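Asks:
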Amino acid sequence: MHDWKCFFNSIPGNLEQSNYRIFEPNNQDEKAEIFHWFSRDDIPKVTKDEFIEALINFEIGFDDNYENFYRYRAYFLAAEALSYFPDSCFGDEIVNQLLKWSYVYFGWQIVPSPLKQAARETLKISDTYGGKLRNRVITAFTQLLHSTTSRVTLRHAAVELGKFDPGNKTAIAALILLLDVIQNDYLQWKIVRQLADISHGNEYAISSLIHIIETTENKSICRSAIVSLSDTAFAHATAILALTRFLKINQGDEICLDAVQALQKIDPGNEAVMNTLIFLLENTQNLQIFRDCLGFLEQIEPRSNIPIAKRSIATLSERLESSQSEYLRCYAAGYLAKYNPENEVAKKALFNILENGKTSAIFIAAGYLVEIEPNNEHLIYAICQQLEIKKDDYISYQLVECLIGLANTNPNAITALLSVMETTSNQVTLWKVIGAFRRLKFDNQLVKSKRQEIIDALTRFLCKNQCNTNIARTLWKIDSENEISVAILAQSTEVNCSDWMLWEVAEILLETENGYDDSISILKKSISVFTELGYNDYFLSFLSTQLQHNAKEIKNKPRLFKNVIKIYIFGIQNCQELEDKPNLNPCQMFEYDLQLLEISDQFQQILKPEYFPNVIKSLKQYLNETSYKSTSYRYEAVYNLIWYCAQNMNYLDFYKSIALT
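Residue numbering for the sequence shown follows the numbering used here, starting at 2 and increasing by one per position.
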C-alpha cells in the first residue's frame with residue numbers, strides 16, 4: 002500500500018466522499034499505521050512529502066473559525082511524522098511553525114493556549130525520538146538567542162532551550178549574561194533558580210553559582226544561588242568546599258541555615274553542618290533560627306551518630322534549664338521528649354508550660370504532648386482547663402486543634418469537643434470543631450461508640466442554627482440517611498434568600514441523593530438572585546467547586562450533568578451583559594474571566610461524547626474576533642472546550658455539529 006490517500010483524501014465541498022481516517026477518535030491504531038507507512042523504505046521520498054504537504058496545507062472550505070481545529074490536528078500529525086521521516090523537505094518549515102505557535106517570541110501573533118500546549122507537546126515528542134527534528138529545534142532556539150535584542154525573549158528562550166536540551170551551553174551562557182546586566186532583584190533571583198533548572202551538574206553553571214554566593218551583597222539572591230547549587234551540584238567537591246567556607250564566614254547569620262541545608266543535601270553527614278547547628282543552638286536568641294535548627298536536626302537523625310546526639314541533647318538540656326524564654330524552653334523540651342519519650346524532665350517542662358504558661362507557647366506544648374503522650378488523661382483535662390480560662394481566641398483555636406488530634410484515639414477528647422461546640426462564642430473555633438467531626442474515623446470502635454452522641458448533638462445544633470451549612474455537611478458525612486438535615490436546610494432557603502446562602506445550600510444538597518431535587522429547585526431560584534445582583538462570577542465559582550470535587554458524581558447523574566452544562570453556557574452567554582453594566586469593578590470582570598478558563602479545563606473531565614454536539618452548537622458563536630477583543634479569557638475558555646471536542650470527534654460529526662442551528 003503506497004497511496005497515502007487511503008488515510009487522508011480531502012475533497013473540498015464533498016465531505017461524504019472524502020477520507021479522514023487521520024481524524025478518527027482514539028486513533029492510536031490509525032496513527033501507528035500512518036507512522037509505519039512513513040518509516041517504510043519502499044515508499045519514495047517524494048510520495049511521503051506529498052502526504053506531508055497535504056497535511057500541512059489541509060483546507061476544507063468553510064468558516065476559518067472552525068476549520069482551524071482540524072487544520073491544526075493535521076499539522077501536528079505531520080510534525081509527529083517527521084520523527085519517522087526526518088529527511089522531509091518540509092522539516093524546517095514545520096519546526097518553525099511549531100515554535101511560532103509554542104512561543105510568542107518566534108512570531109508576535111495571538112495563539113490560543115490549547116494550541117500552544119499541543120504544539121509544545123508535539124515538540125516534546127520530537128525530543129523523545131531525537132534525530133534531525135530535535136536538532137532543528139535546538140538550532141532555531143540557538144539562532145534566536147544569538148539574534149534577539151530583547152532581554153525578555155533572551156531569558157524565556159534560554160529557559161526553554163535548556164528544558165529541551167539540558168546543559169545546553171548557549172542557554173546557560175545567556176542566563177549568566179543576563180545576571181550581569183539586569184538590575185532588578187526579583188528577576189536576578191528568578192534567573193538564578195532557572196539556571197539550576199536547566200544545568201544539572203554543569204561545571205560552568207556551578208562555578209557561576211559559587212561566584213554569585215561569594216560576591217553578591219543581596220541576601221535574597223544569595224539564598225537563591227545556594228538553593229540552586231544544592232539542586233545541581235550533588236557530591237561536587239568545589240561546591241562542598243565553597244559551602245563549608247561560607248558557613249565559617251557566616252556562622253551567626255540566619256542565611257547560614259540555607260547553606261546548612263544545601264551542604265547536607267550535596268554532602269550528607271558533613272561535619273561542618275553539625276558544628277554550625279550546635280553553635281546556633283548554643284548561642285542564638287532568635288526563636289526562628291532555633292526552631293529551624295531543630296527541624297534540620299530532626300532531618301539529619303542524630304540517633305545514628307552517638308557523639309552528635311550527645312552534643313545536641315546536652316546543649317538543649319542546658320538551654321531548657323537556663324533560658325528565660327518560654328518559647329525557647331518549650332521547643333527545647335519538645336525536641337528532647339520526642340527524641341526520648343522517657344525524658345521526664347522534658348515532659349514535666351511541657352506540662353508546666355501548658356498549665357501555667359503566659360504566652361501562646363501553651364498550645365505548642367500541648368501539641369508536643371499530644372504527639373508524645375496521646376493516652377494521658379491529664380492532658381485532656383489540662384487542655385480543657387485552659388479553654389475555660391483563656392479568652393484569647395487564637396490560643397483557644399489552637400488548643401481545640403490539639404483535642405482534634407486526640408479524637409480518633411480517645412473518646413474523652415470527643416466529649417470535650419462536643420462541649421466546646423455548645424459553649425464557644427468564637428465562630429472560627431466552632432467551624433473547626435464541626436469540621437473535625439466530619440473527619441473522624443468511625444470504623445474505629447472507640448470513635449464508633451460516640452457516633453450517635455455526635456449525630457444527636459449536631460441535629461440539636463442544626464435545629465437552633467438552621468443556616469449553618471457546615472453542620473449539615475458534617476451530618477450527611479456521618480449519617481448519609483439523615484432526612485432531618487435535608488429538610489431543615491432546604492426549608493432554610495425559604496427564610497434566608499441571600500446569594501451566599503443559596504449558593505452554599507445548593508452545593509451541599511447536590512452532594513446528597515435525597516437532597517438532589519431540592520438542590521435543582523434552589524439552583525433555579527438562585528439564578529434569578531445572582532443575575533439581579535450581577536454576581537454571575539459566584540455561579541462559576543460554585544460550578545468550579547462542583548467540577549473539581551464531584552466530577553464522578555456529576556458524570557453519573559444525567560439530570561445533574563445537563564444542568565451543569567446549562568449553568569456553564571448561561572455563564573458564557575451572560576458575559577457580555579455583565580461587561581456592559583455601568584461602573585463594573587474591573588477586578589470582578591477579571592475574576593469572572595479567570596473562572597471561565599479554569600472551568601473549561603475542569604469541564605473536560607466529565608464531558609461525554611454524546612454531549613459534544615450540544616456544547617459546540619451552544620458555544621460556537623463565541624469563536625470570533627469580536628469575542629476575543631472583548632475578553633480573551635472567555636474566548637480561550639470556549640476555544641479550549643471546542644478544541645477538546647474536535648480532538649475526540651471525527652471530522653464529519655464535527656462539521657455536522659457546527660452546522661446545527
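Ideal placement from N, C-alpha and C gives every residue a C-beta, glycine not left out. As the structure is a computational prediction, the values presented were derived from the model and not from experiment.
Whose CA, out of Thr239, Ile250, Lys117, Glu484, lies closest to the CA of Tyr73?
Replies: Looking at the Cα atoms, Lys117 is the closest of the given residues.
Asks: Quick one: is Tyr21 buried, meaning 16 or more other Cβ sit within 10 Å of its Cβ, or exposed?
Replies: Its Cβ being crowded by 16 or more others within 10 Å, Tyr21 is buried.
Asks: Would you kindly work out how many angstroms separate the C-alpha atoms of Asp293 and Ile53, rounded to a whole number?
Replies: In a straight line, the C-alpha of Asp293 is about 60 Å away from that of Ile53.
Asks: If we ignore side chains and look at the alpha-carbon of each, how far apart do Val434 and Gln386 end up?
Replies: Between Val434 and Gln386, the C-alpha separation is close to 17 Å.
Asks: Only counting runs of 4 or more residues, tell me where the alpha helix (DSSP H) segments fall wholly within the region 73–126, in order along the chain.
Replies: With a minimum length of 4 residues, the continuous alpha helix (DSSP H) runs that stay inside the region 73–126 are 92–103.
Asks: Can you check DSSP and say which residues form a bridge with Asn20?
Replies: Note: Asn20 sits in a beta bridge opposite Asn10.
Asks: Where does Phe280 fall in DSSP's three states?
Replies: Residue state, collapsed to three classes: helix.
Asks: Excluding sequence positions up to five away, which residues of its chain have a Cβ less than 7 Å from the Cβ of Ala159?
Replies: Within the same chain, Ala159 has close Cβ partners Leu146, Ala172, Ala175, Leu176.
Asks: Going by C-alpha distance, which of Ser40, Ala120, Asn69 is nearest Ser89?
Replies: The candidate whose alpha carbon is nearest that of Ser89 is Ser40.
Asks: Are the Cβ atoms of Leu180 and Gln189 separated by less than 9 Å?
Replies: Yes; because the gap between Cβ atoms is below 9 Å, this pair is in contact.
Asks: Rounded to a whole number of angstroms, what is the C-alpha to C-alpha distance between Arg224 and Ala350?
Replies: Looking at the two C-alpha atoms, the distance is approximately 36 Å.
Asks: Give every residue of the same chain whose Cβ lies closer than 7 Å to the Cβ of Tyr656, excluding the five residues on either side of it in the sequence, and list them in chain order.
Replies: So the list reads Leu16, once near-sequence residues are dropped.
Asks: Under 7 Å Cβ to Cβ from Leu281, same chain only, skipping five residues before and after it: list those, please.
Replies: Answer for Leu281: Ile290, Cys294, listed in chain order.
Asks: Tell me the rounded alpha-carbon separation between Gln262 and Tyr336.
Replies: The alpha-carbon atoms of Gln262 and Tyr336 are separated by roughly 19 Å.
Asks: Can you tell me whether Tyr382 is buried or exposed? The criterion is at least 16 other CB atoms within 10 Å of its CB, across all chains shown.
Replies: Tyr382 should be labelled exposed.
Asks: Just the C-alpha distance for Gln184 and Thr245, rounded to the nearest angstrom, thanks.
Replies: Going by the C-alpha atoms only, they are around 29 Å apart.
Asks: Would you mind giving the Cβ-Cβ distance between Thr233 and Ala197, rounded to the nearest angstrom? I have them listed as a contact below 8 Å.
Replies: Sure, about 5 Å apart at Cβ, within 8 Å.
Asks: Would you tell me roughly how many angstroms separate the C-alpha atoms of Tyr629 and Ile659, rounded to the nearest one?
Replies: Each residue's alpha carbon lies about 19 Å from the other.
Asks: Helix, strand or coil, according to DSSP, for Glu215 in the structure here?
Replies: Note: Glu215 maps to helix in three-state DSSP.
Asks: Which of the three DSSP states is assigned to Gly535 in this structure?
Replies: Any reading at Gly535 must be qualified, since the residue scores a pLDDT of 48, below 50, and its modelled position is unreliable; the value itself is stated next. Looking at Gly535 - three-state DSSP - the assignment turns out to be coil, as it is neither helix nor strand.
Asks: Skipping 5 residues on each side, what residues in its chain have a beta carbon closer than 6 Å to that of Phe8?
Replies: Same-chain partners within the cutoff: Arg22, Ile23, Ile35.
Asks: Using only CA atoms, which one of Leu329, Val228, Ile241, Ile617 lies nearest to Ala638?
Replies: For the residues Leu329, Val228, Ile241, Ile617, the minimum Cα distance to Ala638 belongs to Ile617.
Asks: I'd like the list of long-range same chain contacts for Leu321, defined as Cβ closer than 8 Å, with 5 residues on each side in sequence excluded.
Replies: Result list for Leu321: Arg330, Ala333, Ala334, Leu337, Val346, Ala347, Ala350, in chain order.
Asks: Look at the alpha carbon of Gln605 and the alpha carbon of Leu642, and state the distance between them as a whole number of angstroms.
Replies: Cα-Cα distance, rounded: 7 Å.
Asks: Going along the chain, which residues of its own chain have a beta-carbon closer than 6 Å to the beta-carbon of Ala437, five neighbours each way excluded?
Replies: Answer for Ala437: Ile405, listed in chain order.
Asks: Mark Glu161 as exposed unless 16 or more other C-beta atoms lie within 10 angstroms of its C-beta, in which case mark it buried.
Replies: Result: buried.
Asks: Expressed to the nearest angstrom, what Euclidean distance is found between the alpha-carbon atoms of Cys403 and Glu343?
Replies: Whole-angstrom Cα-Cα distance: 21 Å.
Asks: Count the other CB atoms within 10 Å of the CB of Arg464; is the residue buried (16 or more) or exposed (fewer)?
Replies: Note on residue identity: the sequence assigns Cys, not Arg, to residue 464. When all chains shown are included, Cys464 counts as exposed.
Asks: Can you tell me the Cα-Cα spacing of Asn409 and Ile455, whole angstroms?
Replies: Each residue's Cα considered, the two are about 13 Å apart.
Asks: Which residues bound the alpha helix (DSSP H) around Met422?
Replies: Where Met422 is concerned, the enclosing alpha helix (DSSP H) stretches over 412–424.
Asks: Using only the alpha-carbon positions, how far apart do Phe613 and Asp42 sit?
Replies: For Phe613 and Asp42, the distance between alpha carbons rounds to 40 Å.
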